[in-house]
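Engineer: Before I ask anything, here is the structure I am working with.
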Amino acid sequence: MISPNIQKLIQEAMKAKDETRLSTLRLLASALAYEKIAQQKVLTEVEELAVVKKEAKKREDAVKAYTVVGAIQRAEQEKKELEILKSFLPPQMSDEEIRKIVEETIVQLGVSDPSGMGRVIGAVKTKTGVAADGAKIAQMVKVRLAPKESI
C-alpha cells in the first residue's frame, strides 16, 4: 500500500530539501485522498496503483506537449516527476508478454472479428492490471483483429 508510506516519504523529501520529489509526493497524496473520498472507502492496493498510473500518464502527456512547444525545461521537470511516480509502479510488461496474453484471450473468448474487440481489450486489461498500458493493449488487439484485406 502506498498511502501509509506517503507521509513518511514526504517528510524525508522535506529533510533532504528535494523540492521536485516533495511536490510530486504531495500531489500524489492529494490524488490518493481525492480518490478515497470519491469512492467513499479505503483504497485497495490495485486502486492506489491505478491512481499512480493515472498521475504518471498525465506527466507523460505533459512531457510530449511541452516538447512539442519547445518548453524543454518544463518537459525535463515533468520527466523527473514521472520517474518519481514510476518508482511506485510495478515493472511494465514487455510487448511480447502483452501480445501473448492478447492471443490467449482471443482464443479463450472465441473472438475472430473486430466486433469483439472491446471484450478482448477488457479481458486483457483485467489480466495485466497496471503492468501494461491500456493504449498499447488496444492497439495490439486492433491490429490482431483487423480484417485481412484481399488483393
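All the letters of the sequence shown, read from the start, carry residue numbers -1 to 149 under the working numbering. Where a beta carbon is used, it is the ideal one built from N, C-alpha and C, also for glycine.
Could you pull the start and end residues of the alpha helix (DSSP H) that residue 2 belongs to?
Structural biologist: 1 to 14
Engineer: Leaving out five residues before and five after residue 130 in sequence, what residues of the same chain have Cβ atoms less than 7 Å from its Cβ?
Structural biologist: Closer than 7 Å at Cβ, skipping near neighbours: 90, 91, 96.
Engineer: Please name the residue in 103, 134, 108 whose C-alpha comes closest to that of residue 150.
Structural biologist: This structure does not reach residue 150, given that the chain is present from -1 up to 149, and the question cannot be answered.
Engineer: Under 8 Å: do the region 20 to 30 and the region 47 to 55 share three or more Cβ pairs, one atom per stretch?
Structural biologist: yes
Engineer: Kindly indicate which three-state DSSP category residue 28 falls into: helix, strand or coil?
Structural biologist: helix
Engineer: Who are the Cβ neighbours of residue 18 in its own chain at under 8 Å, not counting the five residues just before and after it?
Structural biologist: 75, 78, 79, 82
Engineer: Nearest-angstrom Cα distance between residue 65 and residue 94?
Structural biologist: 29 Å
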